[in-house]
Structure formats: C-alpha cells, structure tokens
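Enquirer:
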C-alpha cells in the first residue's frame, strides 16, 4: 500500500509546500525534486506537455519524497482518469465554480463505489501487477484540489468546501483577479475580500486552503495568512528570475570595472 504523504500532512493540519512544473522536461522535474519540497504540480492545462510527457515527468520523480500532482486541462472524467493513470497522486482541477463541479471532480478521481474512475492496468498500478491493492486503497489516498478562480466560485466557496472528497480549495490569483476586474491588483480590496472568503470557507470545513505565491517572500506571507498548500512559483518563473539576476550582476560588475 502506498501513502500520499502530502495528503496526510494536510489532514494532520501541516503545511505542504511545492511548485508548478510548466516546461515539458523530465530532467527539470528530476532536478527540482532534489530540493525538499512536498509536491510538484505538472501543468497539463496551460503547459505544453502531452500525456506521454506527463508520464515521463512523473517517472523522473520516482524515488524522491516529492508527491506528483497533475493539473488537468479541464474538469472532465477522461482528463482526470488519464492524469491519475499516468501515476499522479492527485489532480488540480481548474475552474471549479459550483458544488456540482466539485462533486464531479471528486467522482472522476475515485473508483466505485465512491466515484466513477475506470479501472485499468496502467503505470499507476505497475501495469496491473499491484491492481488489487491500488484499487483497494486509492480512494483514501487521492488528493483532489479544486481551483477557485472566478467570481462565481467565490460566491459558492462555502458549498464547494462542504463537498466530501474535496481536499484543497486553491486560489488562482491571475484568473480570479481578472474576473473581478482588478487583474493582478493583489492588494485591491475586492480581490483581498474574495481570497479571504475562500480561505475562511476552507478553514470552516476543515479543508486545506491553497494559493499560488509569487515567490519565496510571498509564500511566507501567504502561510502567515493561513494558507497551508502553497506554491512558491513555477520552473519558468524561477529560471527567469535566476537568469535575470545573474546577468544583471555581470552587467553591473562590468560597468563598475569600466568606471574604475
């Protein structure tokens, strides 16, 4: 029997910190998994990775302590089934706007009698070699993360959080601020009220509140605010920031040398 350590941490009230993987690169996931985070989300919604590449990225994480999670393209049973068959321990489901949407995501992620996920001998069950054990324990291990990223989802945050099987209510800052008409104005009162409403709904129903932070400093701010499933950023953002900082330092050093 396998244990989803990230889900267990959250159920026990602990933090779970990770980041997004947007580039379709198994080596990047393998490298990033070396740094002690709890989870990685492979982005199959906005990222270019197809299902074969998603499986290779999950395989590259094998042998690490990092939980592989997959953001699916949409809230449909086929996408969720494919993500979990590739070996993901959970799914991030975008645009969950109602309790019915949340219930559909949970059902797609779980085997009967708790859900509708189809049974097959895929990589997730060692191609069927561990199928009986996998099916027997899966429903207690899968992590279902619902993204709340519209004004409608904010209005329905309480009923979404009340759905059995939902583990995390995750704020999507860009889409949420856009639908509120205050794109990327993260200090705007309308945006902050919306985030607080999602945070409070999650806490009231003993679900983990989650959010995408803009970096390490912001991750600490969000943790202090009460979020427990926190993304410190993405591979692309971190690569860009490190590259920009390195070349800016070199350029600055060369300018100093010219002046002297």
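Residue numbers (the UniProt record's numbering): 1 to 260. All residues carry an ideal CB built from backbone N, CA and C; glycine is no exception.
Please report the distance separating the alpha-carbon of residue 175 from that of residue 82.
Expert: 25 Å
Enquirer: Could you compute how far the alpha carbon of residue 156 sits from the alpha carbon of residue 163?
Expert: CA-CA distance, residue 156 to residue 163, rounds to 11 Å.
Enquirer: Please report the Cβ distance between residue 32 and residue 17, rounded to the nearest whole angstrom; I am assuming they are in contact, meaning their Cβ atoms lie under 8 Å.
Expert: 13 Å between Cβ atoms; not a contact.
Enquirer: Output the boundary residues of the beta strand (DSSP E) element that contains residue 71.
Expert: 67 to 71
Enquirer: Count the other CB atoms, across all protein chains shown, that sit within 10 Å of the CB of residue 224; report buried if there are 16 or more and exposed otherwise.
Expert: exposed
Enquirer: Under three-state DSSP, which class holds residue 199?
Expert: Reduced to three states, the DSSP call for residue 199 is helix.
Enquirer: Alpha carbon to alpha carbon, what distance is there between residue 141 and residue 182?
Expert: 37 Å
Enquirer: Please state whether DSSP places residue 234 in a helix, a strand or coil.
Expert: strand
Enquirer: Thinking C-alpha only, which one of 42, 73, 71, 74 is nearest residue 59?
Expert: Considering only alpha carbons, the answer is 42.
Enquirer: State the DSSP-derived secondary structure class of residue 91, mapped to helix, strand or coil.
Expert: Residue 91: strand per DSSP, three-state reduction.
Enquirer: Between the Cα of residue 92 and those of 230, 255, 260, 251, spot the shortest distance and give me the residue it belongs to.
Expert: The candidate whose alpha carbon is nearest that of residue 92 is 230.
Enquirer: Where DSSP assigns a beta bridge to residue 229, which residues make up the other side?
Expert: Residue pairing by DSSP places residue 229 opposite 16, 210 in a beta bridge.
Enquirer: The alpha helix (DSSP H) that contains residue 116, what's its start and end?
Expert: Unbroken run through residue 116: none, as it is neither H nor E.
Enquirer: Please determine if the segment 182 to 198 and the segment 124 to 140 are in contact, where contact requires at least 3 C-beta pairs separated by less than 8 Å.
Expert: They do not touch, by the three-pair rule.
Enquirer: Just reading off the alpha helix (DSSP H) that residue 58 is part of, what are its end residues?
Expert: 51 to 60
Enquirer: For residue 43, does the three-state DSSP call read helix, strand or coil?
Expert: The three-state secondary structure of residue 43, taken from DSSP, is strand.
Enquirer: Starting from the N-terminal side, write out each stretch of the alpha helix (DSSP H) that is 4 residues or longer and does not extend beyond the segment 121 to 170.
Expert: 131 to 138, 151 to 155, 157 to 161
Enquirer: At what residues does the alpha helix (DSSP H) containing residue 8 begin and finish?
Expert: 5 to 11
Enquirer: Return the first residue and the last residue of the alpha helix (DSSP H) that residue 85 is part of.
Expert: 77 to 85
Enquirer: Is it right to say residue 79 is buried, meaning 16 or more other beta carbons lie within 10 angstroms of its own, or is it exposed?
Expert: buried
Enquirer: Would you report the Cα separation of residue 146 and residue 195, rounded to the nearest angstrom?
Expert: 14 Å
Enquirer: Starting from residue 176 and walking both ways along the alpha helix (DSSP H), at which residues does that stretch end?
Expert: 173 to 179
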